[in-house]
Structure formats: structure tokens, C-alpha cells
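What follows is a single structure, written as C-alpha cells, with notes after it.
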Amino acid sequence: MTHRFYLRGLLLLVCLGLATILGFQPGYADSAGSATVAGVRELAQNGAELERSHKWLEAIEHYEHALKAWPDNKELEYGLRRSKIHFSVERRYTDQSFLKSLKSLPRTEALALFDEVLGKVQGAYVDTMSATSFVAHGTESLYLALDDQRFLNANAPGRVPADASVFRRRLRDEFWNKPIAYPDREGARAVVSQICDIARNELDLPAGPVVMEYVFGGCNALDDYSGFLTPTRLSDLYGNIEGQFVGLGIEMKAEAGKGLLLVNVLPDSPAAEGGLRNNEHIVTIDGTDCRNLSTDEAAGLLQGREGSQVSLEVSRVEGEEHRQLRLTRRAVVVKSIPIVRMIDRENGIGYIQMASFQKSSAEELDAALNQLRNQGMRALIWDVRGNPGGLLTAAVEVLDRFVDDGVLVSTRGRTIDQNMSYSAHRPGTWKVPLALLIDGDSASASEIVAGAVRDYKRGRIIGRKSYGKWSVQSIFPISRGTGLRLTTAKFYSPLGHTLGKIGVQPDIDVPHPDQHRVHFRGPTEIDVAGDEDIQSALGVLRRQVASR
2 MTHRFYLRGL LLLVCLGLAT ILGFQPGYAD SAGSATVAGV RELAQNGAEL ERSHKWLEAI
62 EHYEHALKAW PDNKELEYGL RRSKIHFSVE RRYTDQSFLK SLKSLPRTEA LALFDEVLGK
122 VQGAYVDTMS ATSFVAHGTE SLYLALDDQR FLNANAPGRV PADASVFRRR LRDEFWNKPI
182 AYPDREGARA VVSQICDIAR NELDLPAGPV VMEYVFGGCN ALDDYSGFLT PTRLSDLYGN
242 IEGQFVGLGI EMKAEAGKGL LLVNVLPDSP AAEGGLRNNE HIVTIDGTDC RNLSTDEAAG
302 LLQGREGSQV SLEVSRVEGE EHRQLRLTRR AVVVKSIPIV RMIDRENGIG YIQMASFQKS
362 SAEELDAALN QLRNQGMRAL IWDVRGNPGG LLTAAVEVLD RFVDDGVLVS TRGRTIDQNM
422 SYSAHRPGTW KVPLALLIDG DSASASEIVA GAVRDYKRGR IIGRKSYGKW SVQSIFPISR
482 GTGLRLTTAK FYSPLGHTLG KIGVQPDIDV PHPDQHRVHF RGPTEIDVAG DEDIQSALGV
542 LRRQVASR
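Per the working numbering, the sequence shown runs over residues 2 to 549.
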């Protein structure tokens, strides 16, 4: 899992967490025979082995890829579900804000929090949610958590999964999909309270962690973009929207045995100023060896107050002598547009990479467009590849720079306040020929842009089909510094299309064999000559410029 130290949300948000995809190609049988059955069985066994090794993220990636080849296979689907729940448990129990403020809540306060979350879900979620379904998913989460040694160590020291087997069996036999009596929330609270009694009697398990599995696990009944947020996760989400955070300025992921791989070092950050570079590994943090820590565990060690310092041991090549660094945490501003270039001066073709949609996006876009105009821009390549989205309002504001009239996007939800329509304003519209670059990681707000560009024929769309997330999330503050991210509406393109799980098809498809984003050398560099998407866009725009 990649962890960004430049994350901190809002009330109306279009956002996405995209998992890294393994390069997996299944073998297909010529007919639906034993070879197919054996192939599915092997995939399930491989996934189970990853689970036994507690490699939850790898298991998730494995099952997701397997399900692309064999969709609707129940064994693979449950393997994916099981792995996601275990991964969520692991993340909770390495999140200091959860451990300090939520895990040990007294029973009454924990149940009040559960009641608050269920009430908000039933009142605001885009689809009707029954208490029966919400509680059933909480029961599933507790059932699996009781088979997780990290959960038992934190809540029932000295116990092993075998000790929890009787309680787990009782959950399965008595409470699995148990109907909740009317009224919903009172009935749900009564069932969870009953389970707290059983947990205390049979396993000496306190109520706090039991109820928390029903809070977090209940949200598994929602879509992939909704969930309960610990104080740290909520703070990260707000930072992402604001484009500001306190930290080092790195994006990283754990690599077992090697340390923390630096995927991206932000310019003008403490990390960049201290000499950290992409593809290096952090191997110790303040003297703690992090080569076998999870990304979240390491993240906890790297976080700290503004002005505080952290000592790092860094390796670029395995086996070489390690470097010692001491960095000071400070506020870092994340740019929505990290790259602005004239990439063809002869034809006046500019290039803008937009990495996210945040509060500063429109202001940054105005500055970028004026900069390129002063350099003779006559056409523009707008790159939203790998852009997972962000604020819906930011997407509307930047689109308004290129579309002079009409609806840009509309939203429809269960409540009146979620039914909105956003329109363009004629003043300030840029009429330059436009090429929009998208790929399978372009999602949400990026797809709002792509949908409008396509519907209004405002430019040519180049690359690969977009991700297919056409829903809007709202962020609701909940007690104790927590939050709830809920899908509250779907969004529609100007012509009324909503393409959830479908995505926007490009006008010009440029296939990439591995489907990975390899076109950027770093945060401020682009490989124009080696980037097939950019080359295709240049060809299109050069012809348009020549014909004007």
C-alpha cells in the first residue's frame, strides 16, 4: 500500500483510493472444462496462502486480478472480502488515533457512537440501508477479527485464536444475518449490546473493541468509497482537499525486507531539501528498523508535530553503505498542477499535468494557462492520467475555463440537497484546441472533466478507458474527532450519462502492455519523446493548429 504524507476533505467530495495492480495474466482453457476449474482452484489456493502469511494487501490485489478473469466466482469473491476485512483490522490496530481514542471507549459511549454512525448512514447514504445488513456486516468483521492475532493481543492478551473459536461459532450460528427487530436503530443497538455481554463472559473481551468492529464493519455494507474514519484518517482527508499538510513530503510503500520505498519525493519539501530521492529505501526511523513494518506502522513513526525532527537511515541500492539524515517536519504545500511546460514551441503546444482536484486547482490552472499564453500557446495537452479525483467543485471550476455554456455536471441523490446542476459561465473561456489524456487511474473528478469534454466535443480524449467511479462522497464529522465518508449521490455528464463501473472511452485508444503509469520520470519531469499518449496528442493538435 502506498501512503501519502500529503493527505488531510470537505462536505462535497469526489475521491478514490486506487490499489496497485499486480501484473497477472491467467491461463485460459480452450473450453469450460477441468482446466478452468483447476485454474480457479489454484488461484484460490494462492490467495489463501497469501492470507495465511498475513500478506493482506497482496492477497487483495491477487483476488482482484483473479476476479477480472473469473468474475462472480464466489470462492474468489469471499477471499477478497475476507482479505479486505483483515487488512482493515490491521490498519486500525496500527492507527494511534484509533488505539488512543476509540478502542478503549466505555460501553455506553461506544454504543452511542455506533448509534450515531448507523443513523447518519440511514439518513444520508445514496441507497437505502437496513439495520439488519449493517449489523450483519459488523458481525462478519468481528468474526474475522477474532481470528486475527493482532486483535487478540490488543484486546485479550494471552488468548489465541483457538480460545475464540467457541465465541466465533456462536456468532455464526446465532447472529449471522440475524434480522433486526423494529425500530431499526434500537434493535441494532440491542443486538450489539447482547454480543458485548457474550464477549465479556466467554472471552473476557471489553465492549469497546467489540462495538468498534460493528462501527467499522457495518460500513462494509456500503460501497467501496464509503467508510468510517478515525481522527487520523479524517485529518489526512482534509489535508488532501486543502493541499497542505505537516510532514516530510513523501509518498511511500513498504517492501518486506527492504524498507520503505520512496515512490515520490515532493519538490520544495523537507525530504527533497534533505536529499531524499525517488526509489530509495528508508530502513530505520529514529533508530527503529522498519524493513519489516507495514506502511501504516512506519507512517506512525514518521508523523509528528511541526518543527520536530526525525532521524532516517536511507539506502539507494541494497548492500551499499547507508546514509544518515535528520529532517525537520514542517508545512508542505502539494500542487494540484506540478508540471507546466511548452513541449512544442514551433506549434505553440503547451502541457499541463493535473494530479488532483483540490481547493487551489482553479487558481493554479489560471496561473498555468497565463504562463503558457505568454510563451505562445496555441493548443493544450491536459493530462489527468493517474488523477484519482478530489473536489467536485474544483472539477466544475476548471471545466468552466474551457466550456463557455451549458451544464457541466449534475448530481442526483436521495435527499434534495444532493440534486444539483453546475453550469458554465461565458466570461474567461479559453478557446484553444484541447487534448485530454486519461487512463485507468483517472477517476471521479477526472471523469467529470472527461465526460464534459466528450459531450461538448470540446477536445480529443486520448489514452485508456477511465476508472468508472461516477459517485459523489460527502464528509460528515462524527463525535470524538471521527468522520464518516458516504456516497450521497451519482453524477451525470452534460448529456445525462453516468458511467459507474464503465468509464469514459477515449477517442484515441493508446494501449499500454502493462497498464501501469510509467510515463513520468519524477514530480517535475516528463518524457515527451517516450510517452506514446503525449506523442499521439501532439499529432492531433499539430494538425488542428496547421488547419487554423
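All C-beta atoms in this analysis are idealised placements derived from N, C-alpha and C, irrespective of residue type, glycine included.
Please read all numbers here as calculations on a predicted model, not as lab measurements.
- Taking the Cα positions, Ala490 is about 18 Å away from Ser131.
- When C-beta atoms of the region 534-546 are compared with those of the region 377-393, three or more pairs fall below 8 Å, so the two segments count as touching.
- Only buried fits Arg93, as 16 or more other CB atoms lie within 10 angstroms of its CB.
- Exposure of Asn178 is indicated by the presence of fewer than 16 other C-beta atoms within 10 angstroms of its C-beta.
- Checking the DSSP bridge columns, you'll see Tyr493 partnered with Ser411.
- Out of Thr430, Gly248, Asp116, the CA that lies nearest to the CA of Gly308 is found in Gly248.
- A residue is called buried when at least 16 other Cβ atoms come within 10 angstroms of its Cβ; Asp406 does not meet this threshold and is exposed.
- Shown here, Ser316 sits in a strand according to DSSP, grouped into three states.
- Comparing C-alpha distances from Pro428 to each of Leu438, Glu398, Glu322, Ser443 shows the shortest one belongs to Glu398.
- Residue pairing for Leu485: DSSP places it in a beta bridge opposite Phe229, Phe477.
- Excluding residues up to 5 positions away in sequence, Arg386, Leu438, Ile439, Asp440, Pro507, Val511, Asp534 lie with their Cβ nearer than 7 Å to the Cβ of Gly464 in the same chain.
- Residue burial is scored here from C-beta neighbours: His63 has at least 16 other C-beta atoms within 10 angstroms and is therefore classed as buried.
- Less than 7 Å divides the Cβ of Asp148 from the Cβ of Pro162.
- DSSP places Gly275 outside any beta strand (DSSP E), giving it a letter other than H or E.
- Of the candidates Ala396, Ala67, Arg415, Leu435, Ala396 places its Cα closest to the Cα of Ser424.
- DSSP places Met213 within a helical segment (H, G or I) once states are collapsed to three.
- Between the alpha carbons of Phe99 and Arg455 lies a gap of roughly 44 Å.
- Listed as beta-bridge partners of Thr394 by DSSP are no residues whatsoever.
- Annotated three-state conformation of Phe246 is strand, per DSSP.
- Shown here for Arg151: same chain residues with a beta carbon closer than 8 Å to its own, the five before and five after excluded, namely Val90, Glu91, Tyr94 in chain order.
- Within the same chain, and ignoring the five residues on either side of Gln97 in sequence, the residues whose Cβ sits closer than 6 Å to its Cβ are Gly301.
- In this structure, the beta-carbon distance from Leu204 to Phe176 does not fall below 7 Å.
- Around the C-beta of Val38, fewer than 16 other C-beta atoms lie within 10 Å, and the residue is accordingly described as exposed.
- Taking 7 Å as the cut-off, the beta carbon of Gly260 is found no closer than this to the beta carbon of Cys220.
- Under the criterion of beta carbons closer than 8 Å, Gly484 and Ser445 do not qualify as touching, at roughly 18 Å.
- Contact check between the region 186-198 and the region 123-143: three or more CB pairs, one atom from each, fall below 8 Å, which counts as touching.
- A distance below 6 Å between beta-carbons, with the five flanking residues on each side excluded, links Lys104 to the following residues of its chain, in chain order: Gly209, Pro210.
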